[in-house]
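The next block holds one structure in the form of structure tokens; read it before the comments.
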Amino acid sequence: MYPVTVAKVAAALGGTRTLGAVPSTVGELAEAVAHGLPRGVVREIAANAAPRGKEARQVVADLVVSPATLKRNERLSPSASERAERLARVVALAQQALGDADQARIWLNEPHSLLDGRQPIHVAATDLGARQVERILVNIEYGLPI
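In our numbering, the protein residues as written are 1269 to 1414.
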């Protein structure tokens, strides 16, 4: 079900720095998402997913939640938490498949022909899009045709 470990997803969410207690199972992660993740995870995902400065990171952060909502609430809503977890999962898988955080950032932000020329990080903002991106990354990781 999960192509990467929960620990790697938690690390992409900021680990203990943002989550406090780091989930060790999919069930614990699902429970944390259902209760709403701390808003600090948005900053961590953006830092892990965007290779360039503040503007690029804000674009990624906006995939999770609007700036106004982020300022207003200490915790993300369950739906925003699901988006955050989904993007963190894709970031963690990109780091795992490509073997390097910097390479993952570059890959996530470069238009990809199998995604109709769209950037993987933007495609991953939806559930179906994340599945497409994950399939490509798993194929890369295992040396399968993409």
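Every residue gets a Cβ at the ideal spot worked out from N, C-alpha and C, and that includes glycine.
Exposure of residue i, with buried meaning 16 or more beta-carbon neighbours within 10 Å
| i | result |
| --- | --- |
| Ile1389 | buried |
| Pro1306 | buried |
| Ser1347 | exposed |
| Ala1336 | exposed |
| Ile1404 | buried |
| Glu1378 | exposed |
| Ala1289 | exposed |
| Met1269 | For Met1269, the predicted model reports a pLDDT of 49, less than 50, meaning its position is unreliable; a value from the coordinates is still stated below. Classification of Met1269: exposed, given that the 10 Å Cβ count is below 16. |
| Leu1412 | exposed |
| Gln1363 | buried |
| Glu1402 | buried |
| Val1294 | exposed |
| Glu1353 | buried |
| Arg1351 | buried |
| Ser1349 | buried |
| Arg1285 | exposed |
Opposing strand residues paired with residue i [DSSP bridges]
| i | result |
| --- | --- |
| His1380 | Arg1386 |
| Pro1413 | Note: Pro1413 sits in no beta bridge, so no partner. |
| Pro1306 | Arg1343 |
Short Cβ contact (8 Å threshold) for residue i with residue j
| i | j | result |
| --- | --- | --- |
| Glu1312 | Leu1355 | no |
| Leu1376 | Ala1317 | yes |
| Ala1329 | Val1301 | no |
| Arg1357 | Val1277 | yes |
| Leu1297 | Ala1393 | no |
CB-CB length for residue i against residue j, believed under 8 Å
| i | j | result |
| --- | --- | --- |
| Pro1319 | Ile1408 | Actually they are not in contact, since the Cβ atoms of Pro1319 and Ile1408 sit about 18 Å apart, beyond 8 Å. |
| Val1391 | Gly1397 | 4 Å |
| Pro1291 | Leu1361 | Not quite, the Cβ-Cβ distance comes to about 17 Å (not below 8 Å), so this is no contact. |
| Gly1367 | Arg1343 | No, Gly1367 and Arg1343 are not in contact; Cβ-Cβ is about 33 Å, not under 8 Å. |
| Leu1383 | Gln1400 | 6 Å |
Beta carbon proximity, residue i to chain D, threshold 8 Å
| i | result |
| --- | --- |
| Asp1370 | In the structure shown, chain D does not exist; there is a single protein chain. |
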